[in-house]
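**Q** Those sequence lines, one after another, are chains P, C and S.
Take the first sequence: its position 237, counted from the start at 1, is 237 in our numbering, and no numbers get skipped.
The number in our numbering is simply the position in the second sequence, starting from 1, with 296 added.
The number in our numbering is simply the position in the third sequence, starting from 1, with 678 added.
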Amino acid sequence: MNPFRRSPFVVVATILVYTFLYAPILVLMLFSFNASRINVTFEGFIPAFGDRTVMDGSLVTQSPCGPFHWFCELSKNRDVMDAAGNTLKIAFIATIVATIIGTMAALSLQRYDFKLKPFSQLSLYIPIVIPEIVMGIGILTLFSQLFGLINNSLHLTGDSRLTLGLGTVIVSHIAFMVPFVTLVVQARLHGFDKSYEEAAMDLGANEWITFRRITFPMILPGVLSGALLAFTLSLDDFVITFFTNGSGSTTLPIYVYGLLRRIITPQVNALSTVWILAVFVAVLLLQMIQSREQKS
Amino acid sequence: MRKSYLMKLLVLLVLASMLLTACGGKTAATQPADGGKKVTASGFECPQPEPRMEVTSKELNLFVWTEYIPQDMIDCFELVYGVKINRSEYSANEEMEPKLASGGADYDLVQPTDYFVGLLIRKGEIQALDHSRLPNIGNFDPGFMNKPYDPNNKYTVPYLAGTDAIVVNTAKVKTIPKSWADLWNPEYAGRMIFLDDSRAVIGFTLLTLGFDPNTKDPAQLDAAKAKLKELIPNVKAFDSDSPKTALIAGDVDLGMTWTFEALAAQQEVPTIQYIYPTEGAILWQDNWAIPTHAPHVDAAYAWMNYSMQGNIFWLTLRDFTYTNPNKAALEYAKANQPEVYSAYFDSPITNPPAEAIANGHGIEDVGDATTLYEQIWTEVKQ
Amino acid sequence: MLKRLRESKSSQGTLLALPTTLWMLALLIIPLLLTLVISFGKRSADGEVIYSFTLNNYTRLMGYSTKCDNGAASCFDPLYVSILWRSLTLAFNTTALVIMLAYPLAYFIARSHPKRRNTFMFLVLIPLWTNFVIRVYAWMMLLRQEGVINLILGWLARLFHIPFQPLEMLYTPGAVLVGMVYEFLPFMILPIYTSLEKIENSLYEAAADLGANSIKTFLRVTLPLSMPGVVAGTILVFIPVMGTFIVSDILGGRQVILVGNLIQRQFLDARDPTFGSAASLVLMIMTLIVTYFYTRKFGFGEEIVVA
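1) Could you check how far apart the C-beta atoms of S/T772 and S/L855 are, in whole angstroms? I think they sit under 8 Å.
2) According to DSSP, is C/E341 helix, strand or coil?
3) In the DSSP output, which residue or residues are listed as bridge partners for C/W361?
4) Would you call C/T326 buried or exposed, if buried means 16 or more other Cβ atoms sit within 10 Å of its Cβ?
5) Under 8 Å, with one C-beta from each stretch per pair, do the region 623 to 637 of chain C and the region 595 to 614 of chain C reach the 3-pair mark?
6) Any idea what DSSP makes of C/A533, helix, strand or coil?
7) Taking CB distances under 9 Å as the criterion, tell me whether C/E675 reaches chain S.
8) For a test of the three-state rule: what should DSSP assign to S/W833, helix, strand or coil?
9) By the 7 Å beta-carbon criterion, what residues does the region 706 to 724 of chain S contribute toward chain P?
10) Starting from the beta carbon of C/F534, find every residue of chain S whose beta carbon is closer than 7 Å, and list them in chain order.
11) Between which two residues does the alpha helix (DSSP H) carrying C/P454 extend?
12) I need the straight-line Cα distance from C/P328 to C/L358, nearest angstrom please.
13) Can you give the Cα-Cα distance for S/S765 and S/M964, rounded to whole angstroms?
14) Is any beta-carbon of chain C found at less than 9 Å from that of S/L946?
15) Can you name the residues that DSSP bridges to C/N583?
16) Counting contacts by CB-CB distance shorter than 9 Å, is C/S643 in contact with chain P?
17) Compare the C-beta of S/L766 with all C-beta atoms of chain C and state if any pair is closer than 9 Å.
18) So within the region 186 to 245 of chain P, which uninterrupted alpha helix (DSSP H) runs reach at least 4 residues, ignoring any that extend past its ends?
19) Tell me, which residues are paired with C/W554 by DSSP?
20) Of all the CB atoms in chain C, is at least one closer than 9 Å to the CB of P/V178?
21) Using DSSP with H/G/I as helix, E/B as strand and the rest coil, what is C/Y445?
22) Where do the N-terminal and C-terminal ends of the alpha helix (DSSP H) with P/I93 fall, by residue?
23) Quick check on C/P649: buried or exposed, where buried means 16 or more other Cβ atoms within 10 Å of its Cβ?
24) For the region 588 to 611 of chain C, list every residue whose C-beta sits within 9 Å of some C-beta in chain P, in sequence order.
25) Measuring straight from C-alpha to C-alpha, what distance separates C/F500 and C/I422?
26) Is there a Cβ from chain C that is less than 9 Å from the Cβ of S/R898?
27) At least one CB of chain C closer than 9 Å to the CB of S/G825: is that the case?
28) Nearest-angstrom Cα distance between C/D518 and C/V565?
29) For C/L415, is the classification buried or exposed, using 16 other Cβ atoms within 10 angstroms of its Cβ as the cut-off for buried?
30) If contacts are defined as beta-carbon pairs under 8 Å, then S/V915 and S/F865 qualify, I think. What distance do you get, rounded to the angstrom?
31) For P/V40 versus C/I544, is the C-beta distance shorter than 9 Å?
32) When the Cα of S/D755 is compared with those of S/F786, S/W763, S/L714 and S/Y742, which residue comes out closest?
33) Please report the straight-line C-alpha distance between P/S144 and P/V279, rounded to a whole angstrom.
34) Quick one: which residues of the region 545 to 575 of chain C get their C-beta closer than 8 Å to a C-beta of chain S? List them in chain order.
35) Is P/A48 helix, strand or coil when you go by DSSP?
36) When we look at the beta-carbon of S/F838 and count the other beta-carbons within 10 Å, is it buried (16 or more) or exposed?
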């Protein structure tokens, strides 16, 4: 019946691959409790709770937070909070815009024929098949030249100058998210049964009402999937953000990259652990929703 | 049914982002400065600014070297002036400049190294300083002022200085190198770490050939390129961010690095030593400059003055110990932080002996020849 | 006017597609065109773009050099071609390794009990959603001289009384390969799983009834039906690997130079945007060519949507 399921080769391979996937993450999380500040080898857990932090060379021997010392340091770190806030702000705004215009585009590509169609289609496929860095460089070049031109010709100074910042990052994120949203919604529209819509129209509903009450609710799961995909793409993005950010628009991936360039204290690990746990909770929620969806 | 769950997820996300945005916005810096005592997260008590300057800007964008500014310095400025500091970092001058050149950057302060200042002035990317807005400029040792690359400090004020020299873990290396030329010893293959600094590395290669490290002669540069090509395969890693990490971790046993990296490594692993090569170490000085289109110039001047104060600048002796050009800071440390001061004074790393300085070479701006150096660097690092 | 809008299907279509098309025009097409224009330019002494028309950047990329050792007027300098080649081979190797690792796992999950599949996929999604940069850092901790792997190996060696020198794993091309495989493995598991899951049990039963053994079943039934997933996964892995620069930056000690690093450096360190633009476009063209031939042979894998 299932000729391969118990095949030892597959089982062993599976175990190895899961180990491969998780070993680095688990080591990472373990080291966020490292007593050694320089974080090269694991020197044990920080033993004592106390009223202040005591260090013996590079070892933390006492801390108000005990073994969770680095997490406490993390919570006092304002830069991290700023970066996290930026990351979410950007992801949120970009997702909303990308989802709306992406859904519109999907509808148009799937159901209409118009002169612009080949161009639209092509422009949406290209970002998927080129490396991010090509797009990042292009956008950076565009903004540099454009802003330089505008700033100089209008003699803008100080705060009114156009610069790289949250705005440019958001705009760029939308650009690379839209193709994915469109693809997902298009896939959903692909097997769409038009008979419901036709029935509604026959019963006298105009196109807008049909859309609002029949079409949209039916494609909503696809739209939300696309939105979720876009959201995660934005949260995790490094390359595009790297080329389009300015001061005050640092996101978490950029911030971690910056941290890796300094003395790497276990604080980085603590940040990673928090991130992994957040992902864990998010994926758990998602799975719960999906399993309910499957039931209903 | 499923709609409502997805809706709930979305609502959750909205709340989460609102929460984090709110947290991010509430900073110590949004409290207006008053007469009360300001203490940073690490417990350092912030001195008052002397003199206190007029600042209307709410933010200050610093674009600085990695691992270079004491956190307490930043925190104190935010606390006493109520200005939010955004810090972006770079690890090479060549990485900083394109961001200034492109129309899009909005930094208020940058830290060019000596040889790079000429280029920035030529391209009009930094503005002339108004010395009347820098009352604390007298705190500096005249030996670090009025340098050939910026006469009368028209554009820059000093920050920190130091050397590039050889660093070696004497416990792991049999033959201790004494000169730059010694680095070509095959015994060191695959065990070295160098700064990712084109001018410094090409510079010391030129020194081993007896040439001027700032030569513009293409023939000499070609010779240096050939010699460097022999050395590069022996280098395990290039790192201008935190080379001490690899040294401490034992991934590399020797190399070439800056003052403080060697000192910090030595503090963790006492067998690590800093050696001034016989051909001469590379001397350098970093400076503050204000980009031409800085949006918050008043905050920039306030920062420079505040950080120049002796009772603030001494923090660099404590956190990032490089050669200190600030007389006032040294005097303050001598009087109030004797341990920090003597650690600085007694170490030949942070306080190089006179011969090392006399023997040393600075890197200078080479104008058009810069392209030649850059091409060499790209070609040898393949 | 609105009436005409309502009646004309094609103008409705245009209107709906307009925002997206304009966005992509502004942020994709125009930047690419700009990159093209700049790639034909010259670099000023101070690193600025002089707009002109010269093919110097491209010929330089392809190896044309006027600084020859034997005094000849022109010769071949393999520097940049070798970088391009290195990136190509790394991308191929990574993709191959990823497929080898992903397939068994995806197969296992697809053929396990439906109730447990979600849990297994859940375990795959967590690394996928964990930040890219963090995952690269994790490997740094494992691979360094005194890192976890050397620690374990050293302990084992002592146990068996074998003399042991710590392995030099970090800052090598091998480290970069491992890092790349690790980063992109989940991107292959997902599509392969999706396509495998669609294969109905009845097909396996039919094959068994017809007398096929396990290997034949795999080759004739499973593998062909899972191809769309493999193709989609390949596209999701191959293309990013060609352009990634962080992995080689962090795990390669800035010594392993791939095309992504080359481009990044040209824009930051070497300050030669004309050359960087040319390299960027060559990268794009190479990627498009490989993708084109690949999808012509195997299909685009559109049926697989990663969500």
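Cβ coordinates follow ideal geometry from the N, Cα and C atoms, glycine included.
**A** Taking the structure as given:
1) Counting from 1 along the third sequence, the entry for residue 772 of chain S is found at position 94. Counting from 1 along the third sequence, the entry for residue 855 of chain S is found at position 177. Correct: roughly 6 Å between the Cβ atoms.
2) Residue 341 of chain C sits at position 45 when you count from the first residue of the second sequence. Strand.
3) As a first step, residue 361 of chain C is located in the second sequence; it is residue number 65 there, counting from the start. According to DSSP, which records beta bridges pairwise, C/W361 is partnered with C/Y386.
4) Here residue 326 of chain C corresponds to residue number 30 of the second sequence, with the count starting at 1. Because the pLDDT of C/T326 is 39, which lies under 50, any placement of that residue in the model is unreliable, and the number read from its coordinates should be weighed accordingly. Label assigned to C/T326: exposed.
5) yes
6) Working through the second sequence from its first residue, we reach residue 533 of chain C at position 237. DSSP places C/A533 in strand when its eight states are reduced to three.
7) If you number the second sequence from 1, residue 675 of chain C lands on position 379. Cβ-Cβ to chain S under 9 Å: yes for C/E675.
8) As a working mapping, residue 833 of chain S is identified with position 155 in the third sequence. In this structure, S/W833 counts as helix in the three-state DSSP scheme.
9) L706, I707, I708, P709, L710, L712, T713 and I716
10) As a first step, residue 534 of chain C is located in the second sequence; it is residue number 238 there, counting from the start. Simply G931, R932 and Q933.
11) As a working note, residue 454 of chain C is residue 158 in the second sequence. Where C/P454 is concerned, there is no enclosing alpha helix (DSSP H), although the beta strand (DSSP E) it sits in stretches over V453 to N465.
12) For this step, residue 328 of chain C is matched to residue 32 along the second sequence. For this step, residue 358 of chain C is matched to residue 62 along the second sequence. The pLDDT assigned to C/P328 is 42, lower than 50, so where the model puts this residue is not dependable, and the model offers no usable value.
13) The residue given as residue 765 of chain S occupies position 87 in the third sequence. The residue given as residue 964 of chain S occupies position 286 in the third sequence. About 11 Å.
14) For the purposes of this step, residue 946 of chain S is taken as the residue at position 268 of the third sequence. Taking Cβ atoms only, chain C reaches closer than 9 Å to S/L946, which makes this a yes.
15) What you label residue 583 of chain C is simply residue 287 of the second sequence in a count that begins at 1. DSSP output for C/N583 lists C/P454 as bridge partner(s).
16) Your numbering for residue 643 of chain C matches position 347 in the second sequence. False, the Cβ-Cβ gap to chain P never drops below 9 Å.
17) To locate residue 766 of chain S, count along the third sequence from 1; it is residue 88. No, its Cβ sits nowhere closer than 9 Å to a Cβ of chain C.
18) 195 to 202, 207 to 210, 216 to 236 and 239 to 244
19) Taking the first residue of the second sequence as position 1, residue 554 of chain C is located at position 258. DSSP output for C/W554 lists C/D460 as bridge partner(s).
20) The residue labelled residue 178 of chain P in the question sits at position 178 within the first sequence. It does not; no Cβ of chain C falls within 9 Å.
21) The count along the second sequence starts at 1 and reaches residue 445 of chain C at position 149. C/Y445: coil per DSSP, three-state reduction.
22) For the purposes of this step, residue 93 of chain P is taken as the residue at position 93 of the first sequence. Run containing P/I93: R78 to R111, per the alpha helix (DSSP H) assignment.
23) Translated into positions along the second sequence, residue 649 of chain C becomes position 353. When all chains shown are included, C/P649 counts as exposed.
24) H589, A590, P591, H592 and V593
25) As a working mapping, residue 500 of chain C is identified with position 204 in the second sequence. As a working mapping, residue 422 of chain C is identified with position 126 in the second sequence. When rounded, the distance between both Cα atoms is 29 Å.
26) Working through the third sequence from its first residue, we reach residue 898 of chain S at position 220. Chain C, which has no Cβ nearer than 9 Å to the Cβ of S/R898, makes this no.
27) Translated into the one-based positions of the third sequence, residue 825 of chain S becomes position 147. So yes, S/G825 belongs to the interface.
28) Position 222 of the second sequence, counting from 1, holds the residue named residue 518 of chain C. Position 269 of the second sequence, counting from 1, holds the residue named residue 565 of chain C. C/D518 and C/V565: Cα-Cα distance of roughly 38 Å.
29) Taking the first residue of the second sequence as position 1, residue 415 of chain C is located at position 119. Classification of C/L415: buried, given that the 10 Å Cβ count is 16 or more.
30) Position 237 of the third sequence holds residue 915 of chain S. Position 187 of the third sequence holds residue 865 of chain S. Contact holds; Cβ gap of about 6 Å.
31) Translated into positions along the first sequence, residue 40 of chain P becomes position 40. Translated into positions along the second sequence, residue 544 of chain C becomes position 248. Yes. Within cutoff.
32) In the third sequence, residue 755 of chain S corresponds to position 77, counting from 1. When each option's Cα is compared against that of S/D755, the closest is S/Y742.
33) Taking the first residue of the first sequence as 1, we reach residue 144 of chain P at position 144. Taking the first residue of the first sequence as 1, we reach residue 279 of chain P at position 279. If I take the Cα positions, the gap works out to 35 Å.
34) A545, G546 and D547
35) Taking the first residue of the first sequence as 1, we reach residue 48 of chain P at position 48. Strand.
36) The residue you call residue 838 of chain S lines up with position 160 of the third sequence. With fewer than 16 Cβ atoms within 10 Å of its Cβ, S/F838 is classed as exposed.
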